[in-house]
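Protein chains in written order, with the working numbering: chain A, 13 to 126; chain B, 2 to 117.
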Amino acid sequence: AQSVTQPDIHITVSEGASLELRCNYSYGATPYLFWYVQSPGQGLQLLLKYFSGDTLVQGIKGFEAEFKRSQSSFNLRKPSVHWSDAAEYFCAVGARSNDYKLSFGAGTTVTVRA
Amino acid sequence: NAGVTQTPKFQVLKTGQSMTLQCAQDMNHEYMSWYRQDPGMGLRLIHYSVGAGITDQGEVPNGYNVSRSTTEDFPLRLLSAAPSQTSVYFCASSYRSRGQGSNEQFFGPGTRLTVL
Chain A
13 AQSVTQPDIH
23 ITVSEGASLE
33 LRCNYSYGAT
43 PYLFWYVQSP
53 GQGLQLLLKY
63 FSGDTLVQGI
73 KGFEAEFKRS
83 QSSFNLRKPS
93 VHWSDAAEYF
103 CAVGARSNDY
113 KLSFGAGTTV
123 TVRA
Chain B
2 NAGVTQTPKF
12 QVLKTGQSMT
22 LQCAQDMNHE
32 YMSWYRQDPG
42 MGLRLIHYSV
52 GAGITDQGEV
62 PNGYNVSRST
72 TEDFPLRLLS
82 AAPSQTSVYF
92 CASSYRSRGQ
102 GSNEQFFGPG
112 TRLTVL
């Protein structure tokens with residue numbers, strides 16, 4: 013079975029600074045990988061996803077993520093953070109043999125300071 | 002399209018009470034699923050369905066029942082609520098990929114349940 017680890021529970025970043033959120037997965041083959049964002053009191057919204065091909069994936073709101081097979085990682089990045097990026101971020105992995113079941117990480121809460 | 006809708010938004014139950022959390026989607030998605038979200042644990046899959054009349058257990062199914070009589074609706078039933086079921090519940094749906102890559106799951110706004 014697949015699993016996801018998000019090592020950082022909470023990150024604080026200044027507005028305008030860069031942001032990187034870590035995600036490590038465990039799966040025996042190339043997985044499907046996702047990043048979701050959850051604003052306070054809201055449901056989850058998809059930021060980006062990786063299925064195959066180019067390992068650098070562009071998403072919405074200026075986010076990007078890079079799939080590194082050798083490191084089993086799928087880290088999320090944003091060059092310049094806005095106050096509206098304060099939210100909880102979830103990495104998720106899906107298996108190619110069972111693509112409708114996702115395993116989520118515990119989440120990383122991002123606080124943006126002025 | 003309304004997307005994925007969930008009712009109620011908030012609910013308080015007493016231990017032993019029963020209730021049904023409603024979930025509906027208007028996107029003709031084959032897959033629907035229920036997750037619970039607890040602090041520090043991310044989202045955990047409770048039950049899922051790959052189509053009308055077909056359901057299966059996820060990671061944490063105990064204490065919950067589901068059925069799927071139509072494509073649109075996927076209710077989650079708590080037969081005898083326990084304080085351990087205090088959580089935020091999310092319903093999600095997606096298309097079946099048919100080998101073309103896993104599809105985005107669309108989430109509802111959630112139901113915040115407190116069991117006293």
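Glycine is no exception: its CB is placed at the ideal position from the N, C-alpha and C atoms. Keep in mind that this is a model prediction, so the values were computed, not measured.
Does residue i have its Cβ less than 8 Å from a Cβ in chain A?
i	result
B:G111	yes
B:E105	yes
B:F91	yes
B:F108	yes
Measure from the alpha carbon of residue i to the alpha carbon of each residue in the options, then state which is nearest.
i	options	result
A:L88	A:P19, A:W47 and A:G40	A:W47
A:L58	A:T24, A:A126, A:H94 and A:A104	A:A104
A:F102	A:G74, A:F63, A:G55 and A:V124	A:G55
B:K15	B:M42, B:A83 and B:R113	B:A83
A:Y44	B:Q23, B:Q106, B:V13 and B:L22	B:Q106
B:P76	B:M28, B:H30, B:S34 and B:G17	B:S34
I want to see whether chain B comes within less than 8 Å of residue i, judged by CB atoms only; does it?
i	result
A:A98	no
A:G40	no
A:F86	no
A:A118	yes
A:L31	no
Since residue i and residue j are thought to touch, with beta carbons under 8 Å apart, how far apart are those beta carbons, to the nearest angstrom?
i	j	result
A:K61	B:L46	Contact flag wrong, Cβ pair sits at about 18 Å.
A:S51	A:A99	5 Å
In chain C, which residues lie less than 8 Å from residue i when you measure between Cβ atoms?
i	result
A:K113	Of the protein chains in the structure, A and B, none is chain C.
**Request:** For the stretch 53-84 of chain A, enumerate the residues whose C-beta is nearer than 9 Å to any C-beta of chain B, in chain order.
**Result:** If the cut-off is 9 Å between Cβ atoms, the stretch 53-84 of chain A has G53, Q54, G55, L56, Q57, L58, K61, F63 and S64 near chain B.
**Message:** If the cut-off is 9 Å on Cβ atoms, which residues from the stretch 42-55 of chain B count as contacting chain A, listed in chain order?
**Reply:** Of all residues in the stretch 42-55 of chain B, M42, G43, L44, R45, L46, Y49 and V51 have a Cβ within less than 9 Å of some Cβ in chain A.
**Prompt:** So, do the stretch 117-124 of chain A and the stretch 52-63 of chain B have three or more beta carbon pairs nearer to each other than 8 Å?
**Reply:** Too few Cβ pairs lie closer than 8 Å, so no.
**Message:** Does the stretch 81-97 of chain B come into contact with the stretch 36-51 of chain B, if we say contact requires no fewer than three beta-carbon pairs (one atom in each stretch) closer than 8 Å?
**Reply:** The answer is yes - the stretch 36-51 of chain B touches the stretch 81-97 of chain B, with three or more Cβ pairs under 8 Å.
**Prompt:** Are the stretch 2-20 of chain B and the stretch 70-85 of chain A touching by the rule of at least three beta carbon pairs closer than 8 Å?
**Reply:** Too few Cβ pairs lie closer than 8 Å, so no.
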